[in-house]
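So, in structure tokens, the structure goes:
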């Protein structure tokens with residue numbers, strides 16, 4: 039019965055191919071009414087204010103954000119927004135006048151950077167190379183709080199932080215905002231006359247979340263920024279050399295109680311110690327950046343939120359938060375995580391150079407690291423090995439842009455640790471075949487020479503059917519990866535077919551590859567609907583399936599995933615998911631019929647309150663050394679409360695439990711509670727306290 043069900047899904051996918059070939063023959067392209075704007079040139083720079091009080095704004099030709107994107111891309115914007123653009127040799131100025139019929143409902147708070155996306159905001163997408171490969175995002179809320187990021191295709195990286203200026207002010211008729219961007223903060227072509235792709239955006243969160251744009255954007259076109267307008271005839275832009283220095287010096291002392299059993303015994307003070315270091319950033323041209331750090335200090339970086347991993351046999355992923363590695367991170371990214379900057383643990387020194395042009399981008403990073411960790415992947419689990427061994431890491435990434443939505447790229451990583459080494463090379467691509475249809479993929483090869491030190495790691499598990507084992511006993515081996523996906527992206531109907539394989543001995547010690555010895559076949563299709571009602575604005579139905587085997591041809595896992603997602607009034611999203619088929623082979627045992635139900639809810643009903651909850655329950659594998667099947671559930675809940683525009687509390691709760699099917703034994707249960715309290719004294723100064731309990 040299950041095989042018949044899987045066959046029906048595959049047959050259903052086959053019907054999609056007919057639509058593809060008919061559209062491929064047509065070879066038509068998605069069009070929109072592109073707009074152009076020639077900004078007004080000014081000879082003298084000025085300080086911006088949130089009220090746009092400087093009369094020079096009146097010299098700029100106004101344009102209007104008049105098209106709705108969400109929830110209905112065929113409707114006019116529900117509110118009026120005027121945009122004016124000026125520029126000088128050194129800066130780009132953008133002013134927004136945002137009318138609001140109910141100014142009292144404007145959502146705005148004083149928060150840290152990049153944390154105002156639930157507020158009202160305005161901003162722009164800016165693509166100086168007009169190639170859709172590195173699009174700057176600059177947004178500002180009504181109080182001048184900044185949000186910025188980098189978009190490549192439909193992928194956003196909000197870790198990007200540029201130097202720019204913003205102001206905002208709320209009035210009786212709405213709010214105004216101004217943005218001032220130094221050209222020194224941007225990469226742009228080295229030519230006398232510039233024509234830049236641009237889109238002006240307004241976010242209007244009320245009963246629904248409305249997003250509006252300057253140009254007539256069609257959701258049926260998966261390339262959002264390909265539908266931008268154009269800033270034309272920019273001349274004489276200043277791109278002189280820039281240097282940024284950030285040195286630091288610190289001292290510290292450790293003290294401990296002399297007698298732990300006697301709190302009044304006094305303290306035993308250790309020696310006074312110190313550390314110095316810093317970073318430097320240099321941009322010789324508008325297309326090249328050089329960055330370096332020496333003994334960097336990352337003490338200001340927020341701590342990672344804990345994850346529940348009691349029943350997880352594979353290494354957990356934590357996002358990068360360190361500024362040096364975040365800058366230009368999008369240029370190193372590939373479809374598979376062959377470079378994971380957190381595998382560079384505590385660099386003594388590191389440097390990188392990036393170059394971004396209209397047709398290509400290049401990025402190179404080199405680091406000397408201390409206490410470098412290892413992730414040793416496998417079929418049923420991975421091993422995280424901490425070490426005190428230093429390592430040299432080098433990463434080279436290049437990408438050539440074939441068109442706005444097509445590219446081919448390459449990545450080489452090398453890590454040397456004493457007598458051990460790991461080298462990885464790969465080629466990745468994205469090709470727009472026809473309207474809506476894409477072919478993406480990556481192939482790679484690794485060569486690994488292990489350390490010869492079984493005291494560091496001595497796990498005897500083997501890599502597939504080979505004679506190589508995971509222990510650090512000086513073996514040398516190689517492996518490969520192949521991944522490919524054919525997909526349709528459109529407004530109403532989408533599908534994808536994918537294949538991925540990671541050979542048993544494939545390793546990327548500078549990346550995040552935690553599972554190998556697998557061949558996976560994936561397929562999915564989804565149907566979206568847009569009723570545009572007060573109570574329901576958009577929804578989708580999705581069905582997907584995955585079949586996994588190891589390299590010996592042994593079945594490992596298959597499942598079918600059903601999902602229904604709906605956006606309701608009050609900015610409420612509810613998703614219901616179900617696994618009607620979920621069979622897995624784990625450590626010699628076969629576990630069929632592990633059906634599960636998942637419920638996800640998110641709400642933004644009023645300003646100052648957001649709620650998120652995820653709940654799944656059913657049957658799971660208890661992934662002990664002698665695995666069994668169990669029943670249990672996992673839940674997580676997050677609440678953000680803003681009593682005032684400057685005070686915020688963010689509370690998260692995670693709970694997980696699993697018991698035997700008959701209820702006679704509890705395998706595990708536990709929770710994590712985390713409270714982040716923050717008060718913003720101003721836009722640039724805040725105090726934060728993080729409290730966390732982990733059972």
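Numbering (my numbering), first residue to last: 39 to 733. Every residue gets a Cβ at the ideal spot worked out from N, C-alpha and C, and that includes glycine.
Check	Outcome
CA-to-CA distance, residue 173 to residue 276, given in whole angstroms	20 Å
Cβ neighbours of residue 703 in the same chain (closer than 8 Å, five flanking residues each side left out)	697
Simplified DSSP state of residue 316, which is helix, strand or coil	strand
Own chain, CB closer than 7 Å to residue 170, minus 5 neighbours either side, in chain order	191, 261, 263, 264, 442, 443
Boundaries of the beta strand (DSSP E) in which residue 362 is found, first to last residue	Unbroken run through residue 362 is the alpha helix (DSSP H), 361-364; no beta strand (DSSP E).
Segment contact, 8 Å Cβ cut-off, at least three pairs: the region 210-219 with the region 133-152	yes
Residue 218 - partner residues in DSSP beta bridges	131, 203
For residue 367, three-class secondary structure by DSSP	helix
Reference residue 466; option with closest CA among 644, 268, 371, 667	371
Contact test: residue 541 Cβ vs the ligand MN heavy atom, cutoff 8 Å	This structure does not include the ligand MN; it has no bound ligands of any sort.
Coil, strand or helix - residue 142 by DSSP	helix
Closest residue to residue 314 among 588, 290, 323 (Cα-Cα distance)	290
Contact under 9 Å by Cβ, residue 357 with residue 247	no
Where residue 73 sits in the DSSP three-state scheme	coil
Beta-carbon contacts of residue 512 that lie in its chain and below 6 Å, excluding the five residues immediately before and after	488, 490
CA-to-CA distance, residue 355 to residue 673, given in whole angstroms	19 Å
Between the CA atoms of residue 568 and residue 250 - distance to the nearest angstrom	17 Å
With 16 other Cβ atoms within 10 Å as the buried cut-off, status of residue 168	buried
Closest residue to residue 363 among 335, 252, 349, 438 (Cα-Cα distance)	335
Contacts around residue 145, its chain only, beta-carbon distance under 6 Å, and the 5 residues preceding and following it disregarded	157, 158, 243, 645
Range covered by the beta strand (DSSP E) that runs through residue 412	412-414
Coarse secondary structure for residue 586, derived from DSSP in three states	strand
Continuous beta strand (DSSP E) stretch holding residue 529: start and end	Note, residue 529: premise wrong, no beta strand (DSSP E); not H, not E.
DSSP beta-bridge partners of residue 573	DSSP output for residue 573 lists no bridge partner at all.
Unbroken beta strand (DSSP E) run spanning residue 465, endpoints	458-472
Pair within 9 Å by beta-carbon distance, residue 111 and residue 257	yes
Exposed unless 16 or more other CB atoms sit within 10 angstroms - verdict on residue 680	buried
Cβ of residue 510 within 9 Å of any chain D Cβ	Structure shown: chain D not included; a single protein chain is present.
Proximal residues to residue 725 (C-beta, below 8 Å), its chain only, five neighbours per side dropped	716, 717, 719
Chain-order list of residues whose beta-carbon lies under 6 Å from that of residue 58 (same chain, five-residue window excluded)	Residue placement at residue 58 is poorly supported in this model, since its pLDDT is 41, which falls under 50; the coordinates are not used for a value here.
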